[in-house]
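Adding 863 to a residue's 1-based position in the sequence shown gives its number in the working numbering.
Built from N, CA and C at the ideal position, the CB exists for glycine as well.
Working notes for the structure below.
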Amino acid sequence: MVRVLIWINGAFGSGKSQTAYALHRRIPDSFVFDPEHAGFYIRRNIPKEASRPDFQDYPLWREINYAMLAYIKQEYSGTVIVPMTIVNPRYFEEIVGRLREDGHTVRHFTLCASKDVLLKRLRTRGEGKHSWAARQIDRCMEGLSADVFREHVQTDDLTVDAVAERIASIANIHLQPDTRGKIRKATDRLVTQIRQIRFFS
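So, in structure tokens, the structure goes:
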């Protein structure tokens, strides 16, 4: 199996985390890395006077995630899966670009969907049209349409499993069969969904 880092990008509500964990369950020796955790740490440990509205704007956030991923890929032979929205091309290059320059294989995918579908998906996790995530949709859709954020995967009419299978096919990764029953699948989706509920002012 080709050992790669799979970065799953997309607007909030596009299904990044669900897809990441769908891949994780079917790729032996794989690990899901969440760059948001570094943001939460920084936000909790920065004086209010030095804080920024978006933790991606901290150079430290980009440096921490680059360093963490470089270390993991050096020490871990499995497939690393990163579900994270990143829209700024310069920030993208500071993490993904640097990893590629270091010789790491990074396959990047942007999950695309219409605004109506994104809003509907956000509602299923308790986020209305005025939530922080919903207010970012237009910015994300516009920014992620750029060529630097290819490969684009249209997901409006695809299930999470179908999206995972398409990504695996493009990345030439063999997936193990999914032997879970309907109840287990529903439970796993719910657990992942609950994990992604964020509360922003």
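- For L886, the enclosing alpha helix (DSSP H) has its first and last residue at K879 to R889.
- Judged by their CB atoms, M947 and E899 are nearer to each other than the 9 Å cut-off.
- Contact annotation: C1003 and G878 have beta-carbon atoms that are not nearer than 9 Å.
- In the assembly as shown, S893 is a buried residue. Its beta-carbon has 16 or more other beta-carbons within 10 Å.
- Annotation: N951 to P1040 spans about 36 Å, alpha carbon to alpha carbon.
- The continuous stretches of beta strand (DSSP E) do not include V980, which lies in the alpha helix (DSSP H) extending over residues K978 to T987.
- H967 sits in coil when the DSSP states are folded into three classes, being neither helix nor strand.
- Bridge partners of S893 according to DSSP: T942.
- The beta-carbon distance between V1026 and T973, rounded to whole angstroms, is 11 Å. This is too long to meet the 8 Å contact definition.
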